[in-house]
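Novice: Below is a structure I'd like to ask you about.
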Amino acid sequence: MMAKQEPIELPPTITVRELAQKLNVTPIELIKTLMSVGVMAGINQTIDFETAEIVAAELGKEVRLAVPEAEEETEAVGELPQWRKWLMAEPEAKLQPRPPVVAVLGHVDHGKTTLLDAIRNTNVAEREAGGITQHISAYQIEHEGRPITFLDTPGHAAFTSLRARGAKGADLVVLVVAADDGVMPQTREAIAHAKAAQVPIVVAINKIDKPNAQPEKVRRQLADLGLVPQEWGGDTIMVEISAKERLNLDELLEAILLVADTADIRANPQGRVFGTVIEAQVKKGQGVVATLLVQNGTLRVGDVLVAGTAYGKVRALLDFRGQRIKEAGPSTPVGMLGFHDIPQAGSLFFKVKNEKEARKIVEERQEAAKQQTTPTPRMSLEEFFQRLQEGEVKELRLVVKVDVQGSLEPVVRSIEERAKHSEAEVRILHADVGNITENDVMLAAASGAVVVGFNVKADAAARRVAEQEGVSIRTYRVIYNLLDDIEKALKGLLEPEKQEVVLGEAEVLAVFPASKFGKVAGARVRRGVFRRNARVRVLRGDTVVFDGEIGSLKRFQEDVREVREGYEFGLGLKGFKDFQVGDRLICYTIETVPPA
Ligand code: GDP
Numbered sequence: 007m008m009a010k011q012e013p014i015e016l017p018p019t020i021t022v023r024e025l026a027q028k029l030n031v032t033p034i035e036l037i038k039t040l041m042s043v044g045v046m047a048g049i050n051q052t053i054d055f056e057t058a059e060i061v062a063a064e065l066g067k068e069v070r071l072a073v074p075e076a077e078e079e080t081e082a083v084g085e086l087p088q089w090r091k092w093l094m095a096e097p098e099a100k101l102q103p104r105p106p107v108v109a110v111l112g113h114v115d116h117g118k119t120t121l122l123d124a125i126r127n128t129n130v131a132e133r134e135a136g137g138i139t140q141h142i143s144a145y146q147i148e149h150e151g152r153p154i155t156f157l158d159t160p161g162h163a164a165f166t167s168l169r170a171r172g173a174k175g176a177d178l179v180v181l182v183v184a185a186d187d188g189v190m191p192q193t194r195e196a197i198a199h200a201k202a203a204q205v206p207i208v209v210a211i212n213k214i215d216k217p218n219a220q221p222e223k224v225r226r227q228l229a230d231l232g233l234v235p236q237e238w239g240g241d242t243i244m245v246e247i248s249a250k251e252r253l254n255l256d257e258l259l260e261a262i263l264l265v266a267d268t269a270d271i272r273a274n275p276q277g278r279v280f281g282t283v284i285e286a287q288v289k290k291g292q293g294v295v296a297t298l299l300v301q302n303g304t305l306r307v308g309d310v311l312v313a314g315t316a317y318g319k320v321r322a323l324l325d326f327r328g329q330r331i332k333e334a335g336p337s338t339p340v341g342m343l344g345f346h347d348i349p350q351a352g353s354l355f356f357k358v359k360n361e362k363e364a365r366k367i368v369e370e371r372q373e374a375a376k377q378q379t380t381p382t383p384r385m386s387l388e389e390f391f392q393r394l395q396e397g398e399v400k401e402l403r404l405v406v407k408v409d410v411q412g413s414l415e416p417v418v419r420s421i422e423e424r425a426k427h428s429e430a431e432v433r434i435l436h437a438d439v440g441n442i443t444e445n446d447v448m449l450a451a452a453s454g455a456v457v458v459g460f461n462v463k464a465d466a467a468a469r470r471v472a473e474q475e476g477v478s479i480r481t482y483r484v485i486y487n488l489l490d491d492i493e494k495a496l497k498g499l500l501e502p503e504k505q506e507v508v509l510g511e512a513e514v515l516a517v518f519p520a521s522k523f524g525k526v527a528g529a530r531v532r533r534g535v536f537r538r539n540a541r542v543r544v545l546r547g548d549t550v551v552f553d554g555e556i557g558s559l560k561r562f563q564e565d566v567r568e569v570r571e572g573y574e575f576g577l578g579l580k581g582f583k584d585f586q587v588g589d590r591l592i593c594y595t596i597e598t599v600p601p602a
């Protein structure tokens, strides 16, 4: 077993910059990794925990969701997901009950896999289908004549989030808590995710066969987290089970159906075809094999699907036993062959008219993703220099707010005064009296400016917008500090100082004609070295007759990288051929001096 580090705690959303800090990588590294998983995000852009979790895993780091405060447990709802809108658009009369879809979450080693296997093995006659156990990452069982779909994504064992587990289409979460271990960090995370997704939870208190099992303690711990057991008057069903001994599994299935009955689990089998990509991978000889959960409509061989920026025509559908089927209705997990690219787990798939339409949608999405890479105009004093160097910005833009009319002019003037001596421009977009408001922040957001305030405060709305938009607000009580910070930013903005470092000196002993450079010099190094990738200045007396790059550096007929003191060599210079015997050659490089 590898020694495990404590997972890094992250909030539900985080900016790319903060995440880079937390993961101890450079922002650029992180942005690259984000791109490699298909997310285009700028340094100040906010990404959600699921995305952070995926890139962290790419970088070999383990993260977990910091337990949210009670009121913040649900993520901002914002706009309804597309599929919910589609479902709502289905005519009520056409909606029919469909099997509940269950995701199993919980802390690592608490028994998720054992439970999923136990349920599968006790309820599915596998052998008849040829004995190959796992075809797709989901299966369906029947309990008391009613089907239940289980999502089974062991490849994502480290992830508790529904999206990362491809379990977004789940109607219900079974939270597995080992009775000998109790509530652990990933238990809390799983609860947070299920609540955020507004998916009801059934608790499976597992490993009840163990002598040190303490189910009462688990109940208490869960009650503290807001999951109050029914027997205590709450509304969470908790079933004591042993996945290993297959104890009380029927009771658990019973509980699942009970909870499912209280939810509105319906779909229109004749309606629009859409669902969730549970998992996808390339399999040898088969191309992309995707596990799909159909949530609405009936998916058929020959249908054309789009998921994210992947599309494809359904070549074959396999049920969870690996048998070919022709169609799959709501809540049916299927293996699907035919995607051209690997669609992302957790993404929404939907049927389109034909491949032409699919290509059009995918191209539009790719284009939109590209658009997003154009830098969003968000700025802070600290990162200014870097962004200037990267050519993203040309000037430091400021929105200035001060306390009284009398200080407006002097503050603006002193800022401009300081700016005068730097190579980068400072542009004051707006300067006014009064507290920093939402409008100031909006202006800064729209134009990539920093808001600076002198003896003023940012009101709550301004702070909120600043947070949302990634705008940096700085307030000062002392004018000197304000000017000092701006000056520091501008110093960063200054071109780094360049310094010439002399490597060596030589004297021209002879001049030859040569094909490529016209004339080359035969010379001897008097001091130091001559290097191929350096520059050379040609001096005749005190006059510099040429200054430029080396075109060739040879000893005998051989190209060499350097020539040391005392040796003779042949030298060609790019763009210069008028060597004369007796010319002095200075070999030097230019190095940047880090700003003080
Ligand atoms: P997961 O990481 O949550 O998928 O956990 P696993 O299903 O891999 O189980 C972790 C370990 O706990 C394995 O060694 C299982 O055999 C063991 N385990 C799982 N369920 C039970 C149970 O009900 N009782 C006992 N005694 N051990 C169990």
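Read in the working numbering, the sequence shown has 284 at position 278, and its numbers run on one by one without any break.
The beta-carbon is built from N, C-alpha and C at its ideal position, and this holds for glycine as well.
Fair warning: this is a prediction, and the values are worked out from it, not measured in the lab.
Please find out if some non-hydrogen atom of ligand 1 comes closer than 8 Å to the beta-carbon of ILE247.
Specialist: Yes, ligand 1 has a heavy atom inside 8 Å of this Cβ.
Novice: Using C-beta distances below 6 Å, list every residue in its chain close to SER353, excluding the 5 sequence neighbours before and after it, in chain order.
Specialist: Only VAL283, ALA313, GLY314 meet the Cβ criterion.
Novice: Please report how far the alpha carbon of LEU638 lies from the alpha carbon of LYS357, in whole angstroms.
Specialist: There is simply no residue 638 to check, as the chain begins at 7 and stops at 602 in what is shown.
Novice: Would you call LYS201 buried or exposed, if buried means 16 or more other Cβ atoms sit within 10 Å of its Cβ?
Specialist: Per the 10 Å Cβ criterion, buried.
Novice: What number of angstroms, rounded off, separates the C-alpha of PHE55 from the C-alpha of PRO18?
Specialist: Approximately 5 Å between the Cα atoms of the pair.
Novice: Our contact map puts GLU257 next to VAL245 with C-beta atoms below 8 Å; I'd like the distance itself, whole angstroms only.
Specialist: Contact flag correct, Cβ pair sits at about 5 Å.
Novice: Give the straight-line distance between the Cα atoms of ASN129 and VAL208, rounded to the nearest whole angstrom.
Specialist: The straight-line gap from Cα to Cα measures roughly 20 Å.
Novice: Report the residue from ALA430, LEU402, GLY412, GLY239 whose alpha carbon sits nearest the alpha carbon of VAL458.
Specialist: Ranking ALA430, LEU402, GLY412, GLY239 by Cα distance to VAL458 puts LEU402 first.
Novice: What does a CB cutoff of less than 6 Å around TYR482 pick up in its chain, not counting 5 residues either side in sequence?
Specialist: The residues are PHE460, LEU488.
Novice: Apart from the five residues just before and just after LEU591, which ones in its own chain have a Cβ nearer than 8 Å to its Cβ?
Specialist: Only GLU511, ALA512, GLU513, VAL514, ALA527, ALA529, PHE536, VAL542, ARG543, VAL544, LEU545, LEU577 meet the Cβ criterion.
Novice: Using only alpha-carbon positions, find the residue among GLN301, ARG23, PRO217 that is nearest to LEU93.
Specialist: Taking only the C-alpha atoms, the option nearest LEU93 is GLN301.
Novice: Report yes or no: do three or more beta-carbon pairs, one from the segment 207-225 and one from the segment 173-188, lie closer than 8 Å?
Specialist: Because the criterion of three Cβ pairs below 8 Å is met, the segment 207-225 and the segment 173-188 touch.
Novice: Please state if the CB of PRO336 and the CB of GLY303 are separated by a distance shorter than 9 Å.
Specialist: Yes, these two residues count as a Cβ contact at 9 Å.
Novice: Is the CB-CB distance between LEU259 and ILE125 below 9 Å?
Specialist: Going by C-beta atoms, LEU259 is nearer than 9 Å to ILE125.
Novice: Would the beta-carbon of ALA273 be found less than 8 Å away from any heavy atom of ligand 1?
Specialist: No.
Novice: Closest to GLY588 by CA distance: which of ASP409, GLU555, PHE390, GLY547 is it?
Specialist: When each option's Cα is compared against that of GLY588, the closest is GLY547.
Novice: In the structure shown, what three-state DSSP assignment does ASN127 receive?
Specialist: Looking at ASN127 - three-state DSSP - the assignment turns out to be helix.
Novice: Name the DSSP beta bridge partners of LYS201, please?
Specialist: The partner list for LYS201 (beta bridge, DSSP) is empty, contrary to what the question assumes.
Novice: Between ILE421 and VAL399, is the Cβ-Cβ spacing less than 9 Å?
Specialist: Taking 9 Å as the Cβ cut-off, ILE421 and VAL399 do not qualify as a contacting pair.
Novice: Could you say which of LEU255, ALA261, SER248 lies nearest to ASP241 if we only look at CA atoms?
Specialist: Cα-wise, what sits closest to ASP241 is ALA261.
Novice: Would you say VAL265 and PRO206 are within 9 Å of each other, going by their C-beta atoms?
Specialist: Yes. Within cutoff.
Novice: Where does ASN445 fall in DSSP's three states?
Specialist: Helix.
Novice: Are ALA450 and VAL432 close, meaning C-beta to C-beta below 9 Å?
Specialist: Their beta carbons are not under 9 Å apart, which means ALA450 does not touch VAL432 by this criterion.
Novice: Select from ALA334, VAL439, THR297, ARG327 the residue whose C-alpha is nearest the C-alpha of GLY308.
Specialist: The candidate whose alpha carbon is nearest that of GLY308 is ALA334.
Novice: What distance in whole Å lies between the Cβ atoms of ILE53 and ALA47, which are believed to be in contact at a cut-off of 8 Å?
Specialist: So it is a contact: roughly 6 Å between Cβ atoms.
Novice: Buried or exposed for PHE326, please, with buried defined as at least 16 other CB atoms from any protein chain shown within 10 angstroms of its CB.
Specialist: So PHE326 ends up on the buried side.
Novice: For ASN487, which three-state DSSP category applies?
Specialist: Helix, per DSSP.
Novice: List the DSSP bridge partners of PRO339.
Specialist: Answer is LEU299, bridged to PRO339.
Novice: Please report the straight-line C-alpha distance between GLU373 and GLU429, rounded to a whole angstrom.
Specialist: Looking at the two C-alpha atoms, the distance is approximately 36 Å.
Novice: With a threshold of 16 other CB atoms inside 10 Å of the CB of GLU134, please say whether the residue is buried or exposed.
Specialist: Bear in mind that a pLDDT of 45 at GLU134, under 50, signals an unreliable position, so the model cannot answer this.
Novice: Ligand 1 and GLY117: does any heavy atom of the ligand fall closer than 8 Å to the residue's C-beta?
Specialist: GLY117: yes, Cβ under 8 Å from ligand 1.
Novice: Quick one: is the Cβ of GLY112 within less than 8 Å of any heavy atom of ligand 1?
Specialist: Indeed, a heavy atom of ligand 1 lies less than 8 Å from the Cβ.
Novice: Taking only the alpha-carbon atoms, compute the straight-line gap between GLU150 and LEU255 and give it to the nearest angstrom.
Specialist: Cα-Cα distance, rounded: 13 Å.
Novice: Buried or exposed for GLU503, going by 16 or more other Cβ atoms inside 10 Å?
Specialist: Any reading at GLU503 needs caution, since the residue's pLDDT is 48, under 50, leaving its predicted position unreliable; the model's value is listed next. So GLU503 counts as exposed.
Novice: As an exercise, report each continuous beta strand (DSSP E) stretch of at least 3 residues that is fully enclosed by the segment 166-246, in chain order.
Specialist: Within the segment 166-246, the complete beta strand (DSSP E) runs of at least 3 residues are 178-184, 207-212, 244-246.
Novice: In the structure shown, what three-state DSSP assignment does GLY412 receive?
Specialist: Residue state, collapsed to three classes: helix.
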